[in-house]
Amino acid sequence: MNYWLIKSEPSVWSFSDQKKAGSKGTTWDGVRNYQAANY
118 MNYWLIKSEP
128 SVWSFSDQKK
138 AGSKGTTWDG
148 VRNYQAANY
């Protein structure tokens with residue numbers, strides 16, 4: 118099983134926001150690292 122560790126400021130994306138998204142997830146559009154953005 119794979120896991121992703123996402124670091125963000127609570128004012129931008131909080132743990133409660135993640136819980137609201139549920140298992141369907143959400144779009145991650147704040148990627149600035151070229152290699153990660155193209156993964």
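Oh and the sequence shown: position 24 is 141 in the working numbering, straight run, nothing missing. We put the beta carbon where it would ideally sit given N, CA and C, even for glycine.
Boundaries of the alpha helix (DSSP H) in which residue i is found, first to last residue
i: Asp134; result: Phe132 to Ala138
i: Tyr151; result: Tyr151 to Ala154
When the options are compared against residue i, the one with the closest alpha-carbon
i: Arg149; options: Thr143, Ala138, Ser125 and Gly142; result: Ser125
Straight-line gap, residue i to residue j (C-alpha atoms, nearest Å)
i: Ser157; j: Gln152; result: Any question about residue 157 goes unanswered here, given that the chain covers just 118 to 156.
Closer than 7 Å: residue i CB and nearest the ligand HEM heavy atom
i: Ile123; result: The ligand content of the structure shown is nil, which means the ligand HEM is not present either.
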